[in-house]
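Engineer:
In our numbering, the protein residues as written are 11 to 394.
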């Protein structure tokens, strides 16, 4: 028993070390620290049923301090007020940079966002292509800062981690796990310095490409059937010899991904299994690890309190495990301005994550399909 407890504690301390390393490595991009002049940039926004978000996103993109850029928004068959809002924006005095496109019907074998981005890439005139989601908001220096960083790095692809806005309890409980998983498990320096496609990170909320790099990997056509297209774009870039860099973009871009726990449930269920390539053994191994590291220690403490056994293996080592896990979550919350009360409920977040992972698996494995924004996708043939 004591060996098991020591192994769990060692793993948590290892992840704490990775987190501290990543917090140092993930440099923030700051407004006013970029190049206001440079190559032509096409800012590309796919939009489907985004009536709550699209106006704020587009207005923030039209208010950039960068000089040489265009904004292209593609309405991907919305059936809410998105087309009307875009039409109104296109007639506004500040819209000389804005082009609004109507999306073509979704072909077989494509998922919606990849198809929308593929069309945007074809329409773009820039030497740099910035793909950003319709639920993002941008500070005036987001384009100039990211272009300056990409040029300085000599990279082909740059991705940011925006600040995730969370309002409801369900959002605050689950959404910050995006940061936690990234920063505790993946040494980000290796994304920058190592060529292996397995060492990848990208966030589809904000990805900047050189046009040469984007075309070299085949653009979004290379990931046309991948619903988590951002990570697979990164893998494709590395397979083709490209260089990928990532930055903390929380000072210049923010995003509210979901507006309720129901949306959180649907969104994470869509992405979790896909994010590890539909690898069923890998998913269940990660679920087992998550339970052992973040949930089981509370069971030992509860059992210890009931039985009055305050031995090293039944109480003190599980207590140390809980302290280290909470330290990781609180460090992430402090760096990315996430709420502390929900961070203290880290065990509840991890239990919800386990339920989401299992739901993500069953949606694919049992043929129910993954639904998103009025479309349904069947990925059952991808399970390995």
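Ideal Cβ positions, reconstructed from N, Cα and C, are used throughout, including at glycine. Owing to the predicted nature of the structure, the values given are computational and were not obtained by experimental measurement.
#1: With distance defined between alpha-carbon atoms, name the residue in 219, 27, 378, 394 nearest to residue 197.
#2: In three-state terms, what does DSSP make of residue 200?
#3: By how many angstroms is the C-alpha of residue 125 removed from the C-alpha of residue 63?
#4: Taking only three categories from DSSP, how would you classify residue 129?
#5: In angstroms with no decimal places, state the Cα-to-Cα distance between residue 342 and residue 190.
#6: Which residues does DSSP pair with residue 171 in a beta bridge?
#7: Considering only DSSP beta bridges, list what residue 220 is partnered with.
#8: Quick one: what's got a C-beta closer than 6 Å to residue 127's C-beta in the same chain, skipping five residues either side?
#9: How about residue 161 and residue 168: are their beta carbons less than 7 Å apart?
#10: For the region 198–207 against the region 81–97, do three or more pairs of beta-carbon atoms, one drawn from each stretch, fall closer than 8 Å, so that the two count as touching?
#11: Within 10 Å of its beta-carbon, does residue 388 have 16 or more other beta-carbons around it, so buried, or fewer, so exposed?
#12: Let me confirm a value: residue 58 is counted as buried when at least 16 other C-beta atoms fall within 10 Å, else exposed. Which label applies?
#13: Mind checking which residues open and close the alpha helix (DSSP H) that includes residue 191?
#14: Just checking my contact of residue 36 with residue 257 at CB under 8 Å: how many whole Å lie between their CB atoms?
#15: Could you check the C-alpha separation between residue 339 and residue 361 for me, to the nearest Å?
#16: Rounded to the nearest angstrom, what separates residue 295 and residue 170 at their Cα positions?
#17: What's the C-alpha gap between residue 207 and residue 184?
#18: Between the region 214–223 and the region 234–252, do at least 3 Cβ pairs fall closer than 8 Å?
#19: Which whole runs of the beta strand (DSSP E) in the region 45–91 are 3 residues long or more, in chain order?
#20: If you check the beta carbons only, do residue 178 and residue 270 fall under 7 Å apart?
#21: Hey, residue 238 and residue 281 are a contact pair by Cβ (cut 8 Å); roughly how many whole angstroms apart?
#22: Under a Cβ-count criterion, where at least 16 other Cβ atoms within 10 Å of its own Cβ denotes burial, should residue 145 be classed as buried or exposed?
#23: Apart from the five residues on each side of it in sequence, which residues of its chain come closer than 8 Å, Cβ to Cβ, to residue 236?
#24: If you count every other CB in all the chains shown that lies within 10 Å of the CB of residue 114, and 16 or more means buried, which is it?
#25: Considering only residues of the same chain and omitting the five flanking positions on each side of residue 136, which have a CB-CB separation below 6 Å?
#26: Reducing DSSP to helix, strand and coil, say where residue 120 ends up.
#27: So, are the CB atoms of residue 265 and residue 154 less than 7 Å apart?
Structural biologist: Straight from the coordinates:
#1: Measuring C-alpha to C-alpha distances from residue 197 to each of 219, 27, 378, 394 identifies 27 as the nearest.
#2: The answer is helix: DSSP assigns residue 200 an H, G or I state.
#3: One C-alpha to the other measures close to 20 Å.
#4: Residue 129: helix per DSSP, three-state reduction.
#5: Each residue's CA atom was taken as its position, placing residue 342 and residue 190 some 6 Å apart.
#6: As a beta-bridge residue in DSSP terms, residue 171 pairs with 258.
#7: Answer by DSSP bridge pairing, in chain order: 138.
#8: Residues of the same chain with a CB within less than 6 Å of the CB of residue 127, apart from the 5 flanking positions on each side, are 56, 141, 230 in chain order.
#9: No, they are not a contact pair.
#10: These segments do not touch.
#11: Using a 10 angstroms sphere on the CB of residue 388, the tally of other CB atoms stays under 16, which defines it as exposed.
#12: Result: buried.
#13: It spans 187–195 - the alpha helix (DSSP H) in which residue 191 sits, taken as one unbroken run.
#14: Yes, they are in contact, since the Cβ atoms of residue 36 and residue 257 sit about 7 Å apart, within 8 Å.
#15: Taking the straight line from one Cα to the other gives about 15 Å.
#16: Inter-residue distance for residue 295 and residue 170 is about 28 Å (C-alpha atoms, whole angstroms).
#17: Approximately 27 Å between the Cα atoms of the pair.
#18: Two segments are said to touch when three or more pairs of C-beta atoms, one from each, lie closer than 8 Å; by this definition the region 214–223 touches the region 234–252.
#19: Segments of the beta strand (DSSP E) lying fully in the region 45–91: 51–57, 79–85.
#20: In this structure, residue 178 sits near residue 270, with a CB-CB distance shorter than 7 Å.
#21: Between residue 281 and residue 238 the Cβ distance is about 5 Å, and since that is below 8 Å, they are a contact.
#22: So residue 145 ends up on the buried side.
#23: The beta carbon of residue 236 lies closer than 8 Å to those of 121, 124, 242, 284 in the same chain, with the five residues before and after it left out.
#24: Classification for residue 114: exposed.
#25: Residues of the same chain with a CB within less than 6 Å of the CB of residue 136, apart from the 5 flanking positions on each side, are 50, 51, 52 in chain order.
#26: Coil at residue 120, not helix or strand.
#27: The Cβ atoms of residue 265 and residue 154 lie no closer than 7 Å to each other.
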